[in-house]
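Taking it in order: structure first as structure tokens, then the write-up.
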Amino acid sequence: MSLLFINITIRSFTVSFTIFTRQADVSEFEKLKQLSRAYYDENHPVLNDAYLNWIYLENPAGKATLVLVEEEQIYIGVIALIPLVLKVNGKSQQACFAINVLTHPEHRKKSLFTKMIKFAKTYLAEENIWLLGHPNRNALPGWKRQKMQFKPEFSAYMPKFKWPFSSYKSKKITSRAELEALPETFWQQTMPENTIYLENSLAFIAWRYLDAPFSNYTVNLIQHKNNAIGLTISKPFKGPVSLMVHYASNGDAIDQVVRTNRPTLIMSSSTGNYADKLHAGCWKLPLNKTMPFFLSSWQTEQDNYDFSPLTLAVCDL
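So for the sequence shown, the numbering used here puts the first residue at 132; every next one is plus one.
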């Protein structure tokens with residue numbers, strides 16, 4: 132467990148707090164909920180044990196790592212790092228994304244948010260674990276101050292209409308058994324060299340979307356002439372329009388995969404070879420809405436890599 136002890140003198144008072152990492156455990160839940168109650172009412176997922184068990188303990192990629200700030204045995208800050216597995220040139224790379232970032236409102240003058248990011252950065256660099264995120268506008272300055280490696284922002288797209296009598300069909304998936312019935316080759320993605328993408332394992336998709344409490348995801352299997360070629364995953368957005376939070380194809384037909392389900396909004400990287408294939412099946416929307424995105428690999432050179440297969444699956448919670 133990494134530890135950092137900090138003493139701060141405010142006027143004539145000296146305040147001590149500790150920043151450290153700890154693997155998530157049921158024993159932490161009550162202290163985490165005590166912090167969360169400073170922001171949320173009792174109906175919020177972060178105050179529910181079923182949600183905390185799911186997101187922190189049941190992830191097939193591993194248990195969450197908590198970056199915690201403690202003062203007098205009370206948690207006053209937290210960043211939860213959720214593990215996932217990326218593929219880089221076909222090899223696995225451990226990574227994580229940050230969620231449930233909180234600092235207690237009574238301790239805002241202590242710059243806890245920035246200190247937690249800095250601490251997380253040091254810890255992850257030592258462990259060679261990459262960090263991904265789509266920070267909101269309020270949190271963006273803090274992440275930028277710690278020199279996260281930002282990529283081109285995600286832009287808004289809408290899938291084009293599917294041709295009448297198309298041979299591409301969509302089938303709703305509602306159980307793990309339906310995923311298990313797919314051939315093993317379906318999960319074996321092939322990507323060009325220097326492409327970074329999320330490992331779409333059966334275990335991850337089932338945990339992330341079918342098992343998720345408090346979320347209403349729709350998982351669709353895309354078929355071409357009765358052959359399974361990809362997945363799309365969406366959730367309600369506005370009215371009849373859904374937001375596609377994840378998409379994947381085990382071939383070159385990603386443009387056909389995403390246009391099988393409409394009306395849908397897609398937030399996607401605007402540049403990259405994979406993005407070019409995706410956008411062949413989409414219209415770019417004339418909206419000012421964009422989404423910041425970073426992938427920090429610490430010492431790894433990134434200029435020659437294509438990040439555009441990465442979707443909102445790396446942060447949408």
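Glycine included, each C-beta is placed from N, C-alpha and C at the ideal position. No experiment lies behind these values; they were computed from the predicted model shown.
Does DSSP classify GLN124 as helix, strand or coil?
Lying before the first or after the last residue shown, residue 124 is absent from the chain, which here runs from 132 to 448.
Let's test the definition: count the other Cβ atoms within 10 Å of the Cβ of ASN325 and tell me whether it reaches 16, buried, or not, exposed.
What you label residue 325 is simply residue 194 of the sequence shown in a count that begins at 1. Looking at its Cβ environment, which holds fewer than 16 other Cβ atoms inside 10 Å, ASN325 is exposed.
On the three-state DSSP scale, how would you describe MET322?
Position 191 of the sequence shown, counted from the first residue, corresponds to residue 322. Looking at MET322 - three-state DSSP - the assignment turns out to be coil, as it is neither helix nor strand.
My assumption, with CB atoms under 8 Å, is that ILE327 sits in contact with LEU310. Please give the rounded CB distance.
Translated into the one-based positions of the sequence shown, residue 327 becomes position 196. Translated into the one-based positions of the sequence shown, residue 310 becomes position 179. That belief does not hold up - the Cβ atoms of ILE327 and LEU310 are roughly 24 Å apart, past 8 Å.
Evaluate the contact criterion for the stretch 305-323 versus the stretch 418-433: three or more CB pairs, one atom per stretch, below 8 Å.
Short answer: they don't touch.
Between the stretch 388-397 and the stretch 354-370, can you find at least three pairs of beta-carbon atoms closer than 8 Å?
By the criterion of at least three beta-carbon pairs nearer than 8 Å, the stretch 354-370 is in contact with the stretch 388-397.
For TYR288 and CYS413, which I take to be in contact (beta-carbon distance under 8 Å), what is that distance rounded to the nearest angstrom?
In the sequence shown, the residue the question calls residue 288 occupies position 157. In the sequence shown, the residue the question calls residue 413 occupies position 282. About 4 Å; that satisfies the 8 Å criterion.
Decide if ASN220 is buried, meaning its Cβ has at least 16 other Cβ atoms within 10 Å, or exposed.
The count along the sequence shown starts at 1 and reaches residue 220 at position 89. When all chains shown are included, ASN220 counts as exposed.
What residues in its chain sit with their C-beta under 6 Å from that of SER401, if we drop five residues either side in the sequence?
For the purposes of this step, residue 401 is identified with residue 270 of the sequence shown, where counting begins at 1. Cβ-Cβ distances below 6 Å link SER401 to PRO283, SER286 in the same chain, with the five nearest sequence neighbours on each side left out; the list follows chain order.
DSSP three-state call for MET422: helix, strand or coil?
One-based indexing of the sequence shown puts residue 422 at position 291. In the three-state reduction of the DSSP assignment, MET422 falls in the strand class.
What do you reckon, is the C-beta of ASN325 under 7 Å from a heavy atom of the ligand GTP?
The model on display carries no ligand, and the ligand GTP is accordingly not part of it.
Expressed to the nearest angstrom, what Euclidean distance is found between the alpha-carbon atoms of PRO466 and ASN231?
Because the chain here runs from 132 to 448, residue 466 falls outside it and cannot be looked at.
Have a look at LEU255 and SER365 and give me their C-alpha separation to the nearest angstrom.
Indexing the sequence shown from 1 puts residue 255 at position 124. Indexing the sequence shown from 1 puts residue 365 at position 234. For LEU255 and SER365, the gap between their C-alpha atoms comes out near 30 Å.
Quick one: which unbroken alpha helix (DSSP H) runs of 4-plus residues sit fully inside the stretch 252-282? Chain order, please.
Correct list: 271-276.
State buried or exposed for ILE141, treating a residue as buried only when at least 16 other CB atoms are found within 10 Å of its CB.
In the sequence shown, counting from the first residue as 1, residue 141 sits at position 10. Caution applies to ILE141, whose pLDDT of 40 falls short of 50 and renders its modelled position unreliable; the model cannot decide the point.
Host alpha helix (DSSP H) of ALA192 (start-end)
The residue given as residue 192 occupies position 61 in the sequence shown. Per DSSP, ALA192 lies in no alpha helix (DSSP H) and is assigned neither H nor E.
Neighbour-count burial assignment, GLN387, 16 or more Cβ in a 10 Å radius:
In the sequence shown, the residue the question calls residue 387 occupies position 256. It counts as buried.
Top-ranked residue by Cα proximity to SER147, from LYS241, THR421, TYR182
Here residue 147 refers to the residue found at position 16 of the sequence shown. Ranked by Cα distance from SER147, the options LYS241, THR421, TYR182 are led by LYS241.
Residues near GLU432 by beta carbon distance below 6 Å, same chain, minus five either side
For the purposes of this step, residue 432 is identified with residue 301 of the sequence shown, where counting begins at 1. For GLU432, where only same-chain residues beyond five positions count, there are no Cβ hits under 6 Å.
Output the residue ranges of the beta strand (DSSP E) runs that lie fully inside the stretch 165-235 and measure 3 residues or longer, sorted by chain position.
For the stretch 165-235, the full-length beta strand (DSSP E) segments reaching 3 residues or more read 196-202, 205-219, 222-234 along the chain.
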